[in-house]
Amino acid sequence: MPYYRRVGDVPRKRHTQHRDAAGALYAEELMGEEGFSSDSSLLYHVGLPSAVVDASPWTPGDLTTAMNRPLLPRHLALHTLFEEQEWKAVDPVTGRRLVLGNADVRISYVVAGETSPLYRNAVGDECVYVESGQGEVETVFGTLPVAGGEYVVLPRATTHRWVPGGDEPLRCYVIEANSHIRPPARYLSRYGQFLEQAPYCERDLRGPGDPLVVEDTDVEVLVKHRDSRGGIGGTRYVVPTHPFDVVGWDGCLYPYTFAVADFEPITGRVHQPPPVHQVFEADNLVICNFVPRKVDYHPLSVPVPYYHSNVDSDEVMFYCGGSYAARKGSGIGQGSVSLHPGGHSHGPQPGAVERSLGVQEVDELAVMVDTFRPLELGEGGLAADDGRYAWTWAGRGPDGPVDPRA
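So the sequence shown is numbered by the UniProt record's numbering: it starts at 1 and just counts up by one.
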């Protein structure tokens, strides 16, 4: 995080005695990145944050993946993954279905109406785009209200739980990195402040409110973590005092939300390349968003993207609002994901270029993840694959003519 916050009751000097009204000493915890060499926060607990009274193995869902073979662009219809009323018994953590993954990132989707267990991802940061619905994310730092159209960024090892609210489910597109997710370095000064040319700034980021102080005992926490063989495992801990026992904290590392509507798009006379739409970065991947905006104003401009080959990356686009003109005629719509793998040229569907000429603005809304290692298909991705998208540019495939609307 690029700026400092102080919330609740903290002592004037760090690493000094801090006691409650009865004289009991609070437990100071440093939560930091890169071995004391990067951003951190100090949290003051009523109980001991390291205390555990029981532990057992926990399997964090089906994380198996299959190669994209033969190498094809794919359309994954995520809204088909959950039945009409199934979401009422699904929570936003254990109900996730893996769509795509590699050694750097896992992309999942979930439609949920149940409160999740207490959960801590010790593998990497999470960036969750809330497609629709509302609720809260309760964290060891405090509570974050969340609603459709917002990103929720949760630093590695932040204990939290999701609490859906209202009559509609939370639809969440989950990007789990094996590293830290941060604003792009080119948006920041050498001291960490957002620069004037950045498409968003500190005012747009919303951190937790007042600390939660919960007094429950013998509480279960699910922890996803790395295993000794280079994979991902899980442990179910029972802790003697509730993790939400923090009376105050300060520092530059904490969860926050960012509304996609607060992203100010960068436009030009001719079509701008995807990096102008970037919102976050992590190791071996970037996250971009395409928002409603005025488009190119050169008299001969072509507003839709040009054809391009992803030489170094796989491109994953999640279509979450509006109308994406370049994909018209492909079968892609709200809740779809397109996968365009490295080594495969892609671009507008037939007729899209001609239809775009003279257009002055677009209402599209999409979240894009570019990875720099090949992605494989998770069980959710395999289940949601429409099997037709690769042939829509030609209008026919190995079995004859293709109707993408079928």
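All C-beta atoms in this analysis are idealised placements derived from N, C-alpha and C, irrespective of residue type, glycine included. Keep in mind it's a predicted model, so treat the numbers as computed, not measured.
* Cut-off 8 Å between Cβ atoms - residues of its own chain near V53, not counting five sequence neighbours on either side -> Counted from its first residue, the sequence shown places residue 53 at position 53. Here the set comprises D218, V238, V239 and P240.
* Starting from S41 and walking both ways along the beta strand (DSSP E), at which residues does that stretch end? -> For the purposes of this step, residue 41 is taken as residue 41 along the sequence shown, with counting starting at 1. From DSSP, the beta strand (DSSP E) with S41 extends over S40 to H45.
* State the Cα-Cα distance for the pair H160 and G397, rounded to the nearest angstrom. => As a position in the sequence shown, residue 160 is number 160, starting the count at 1. As a position in the sequence shown, residue 397 is number 397, starting the count at 1. Approximately 47 Å between the Cα atoms of the pair.
* In the region 13-68, which residue ranges form an unbroken alpha helix (DSSP H) of at least 4 residues, counting only runs that do not cross its ends? -> none
* Is the CB-CB distance between V247 and P211 below 8 Å? -> On the sequence shown, position 247 is the one that residue 247 refers to. On the sequence shown, position 211 is the one that residue 211 refers to. Yes, these two residues count as a Cβ contact at 8 Å.
* Going by alpha carbons, who is nearest to A366 out of D227, C288, L118 and F280? -> The residue you call residue 366 lines up with position 366 of the sequence shown. When only C-alpha atoms are compared, the closest one is C288.
* Asked: So Y109 and V99 are in contact, right, with Cβ under 8 Å, and what is the actual spacing, rounded?
  -> Here residue 109 refers to the residue found at position 109 when the sequence shown is read from its first residue. Here residue 99 refers to the residue found at position 99 when the sequence shown is read from its first residue. Y109 to V99, Cβ: 6 Å. Contact.
* Asked: Who are the Cβ neighbours of M368 in its own chain at under 6 Å, not counting the five residues just before and after it?
  -> Translated into positions along the sequence shown, residue 368 becomes position 368. Excluding residues within five positions, the ones whose Cβ falls inside 6 Å are C288 and M317.
* Asked: If you follow the alpha helix (DSSP H) that R355 is part of, which residue opens it and which one closes it?
  -> If you number the sequence shown from 1, residue 355 lands on position 355. Start and end: A352 to S356.
* Asked: Under a Cβ-count criterion, where at least 16 other Cβ atoms within 10 Å of its own Cβ denotes burial, should K328 be classed as buried or exposed?
  -> Numbered from its first residue, the sequence shown carries residue 328 at position 328. K328 comes out buried.
* Does the beta-carbon distance from residue 424 to R182 come in below 8 Å? -> Lying outside 1 to 406, the shown extent of the chain, residue 424 is not represented and no answer is given.
* Using 8 Å as the Cβ pair cut-off and three pairs as the minimum, do the region 352-365 and the region 307-323 touch? -> yes
* From R226 to F290, what distance separates their C-alpha atoms? -> By 1-based counting over the sequence shown, the position of residue 226 is 226. By 1-based counting over the sequence shown, the position of residue 290 is 290. Straight-line Cα distance between these residues: approximately 33 Å.
* Asked: H298 by DSSP, collapsed to three states: which one?
  -> Your numbering for residue 298 matches position 298 in the sequence shown. It is coil, neither helix nor strand.
* Asked: To the nearest angstrom, how far is it from the Cα of V276 to the Cα of V105?
  -> Locating residue 276 in the sequence shown gives position 276, counting from the first residue. Locating residue 105 in the sequence shown gives position 105, counting from the first residue. If you take the alpha carbons of V276 and V105, they lie about 22 Å apart.
* Between the region 250-268 and the region 135-152, do at least 3 Cβ pairs fall closer than 8 Å? -> yes
* To do: Only counting runs of 3 or more residues, tell me where the beta strand (DSSP E) segments fall wholly within the region 70-109, in order along the chain.
  => 74-77 and 97-101
* Is it right to say V295 is buried, meaning 16 or more other beta carbons lie within 10 angstroms of its own, or is it exposed? -> One-based indexing of the sequence shown puts residue 295 at position 295. V295 should be labelled buried.
* Three-pair Cβ contact test at 8 Å for the region 302-315 versus the region 329-346 -> yes
* Would you kindly work out how many angstroms separate the C-alpha atoms of V286 and Y3, rounded to a whole number? => Working through the sequence shown from its first residue, we reach residue 286 at position 286. Working through the sequence shown from its first residue, we reach residue 3 at position 3. Their backbone Cα atoms lie some 22 Å apart in a straight line.
* Asked: Which ranges does the beta strand (DSSP E) cover as unbroken runs of at least 3 residues, wholly within the region 321-387, from first to last along the chain?
  -> 336-340, 365-371 and 376-378
* To do: Assuming G234 contacts V221 (C-beta within less than 8 Å), just tell me the rounded distance between them.
  => The count along the sequence shown starts at 1 and reaches residue 234 at position 234. The count along the sequence shown starts at 1 and reaches residue 221 at position 221. With a Cβ gap of about 11 Å, G234 and V221 do not count as contacting.
* In terms of residues, what are the limits of the beta strand (DSSP E) holding V10? -> As a working note, residue 10 is residue 10 in the sequence shown. Counting along the chain, V10 falls outside any beta strand (DSSP E), and DSSP gives it neither H nor E.
* Asked: Excluding sequence positions up to five away, which residues of its chain have a Cβ less than 7 Å from the Cβ of V270?
  -> Residue 270 sits at position 270 when you count from the first residue of the sequence shown. Correct list, in chain order: D296, H298 and S301.
* **Reference E136, options E114, G113, L118 and G165, closest by Cα** => For the purposes of this step, residue 136 is taken as the residue at position 136 of the sequence shown. Comparing Cα positions, the closest option is G165.
* **Local conformation of P274 per DSSP, three classes** => What you label residue 274 is simply residue 274 of the sequence shown in a count that begins at 1. Looking at P274 - three-state DSSP - the assignment turns out to be helix.
* CA-to-CA distance, P303 to L357, given in whole angstroms -> For the purposes of this step, residue 357 is taken as residue 357 along the sequence shown, with counting starting at 1. For the purposes of this step, residue 303 is taken as residue 303 along the sequence shown, with counting starting at 1. Cα-Cα distance, rounded: 7 Å.
* Asked: Quick one: any contact between the region 73-80 and the region 380-390, if contact means 3 or more CB pairs under 8 Å?
  -> yes
* Minimum C-alpha distance to H18 - residue among Y44, G380, A282 and D204 -> Within the sequence shown, the letter at position 18 stands for residue 18. Here the closest residue by C-alpha is Y44.
* Can you tell me whether DSSP reads W162 as helix, strand or coil? -> Numbered from its first residue, the sequence shown carries residue 162 at position 162. In this structure, W162 counts as strand in the three-state DSSP scheme.
* Asked: Which first and last residues belong to the beta strand (DSSP E) in which R236 is found?
  -> Position 236 of the sequence shown, counted from the start, is the residue given in the question as residue 236. That run of the beta strand (DSSP E) goes I232 to T241.
* **CB-CB length for V128 against V174, believed under 8 Å** => Working through the sequence shown from its first residue, we reach residue 128 at position 128. Working through the sequence shown from its first residue, we reach residue 174 at position 174. Confirmed, Cβ separation roughly 5 Å.
* Asked: Less than 8 Å separating the beta-carbons of A40 and G47?
  -> As a working note, residue 40 is residue 40 in the sequence shown. As a working note, residue 47 is residue 47 in the sequence shown. One detail in the question is off: residue 40 reads as Ser in this sequence, not Ala. Going by C-beta atoms, S40 is not nearer than 8 Å to G47.
* Opening and closing residue of the beta strand (DSSP E) in which R182 lies -> As a working note, residue 182 is residue 182 in the sequence shown. Segment: none, R182 is in no beta strand (DSSP E) and carries neither H nor E.
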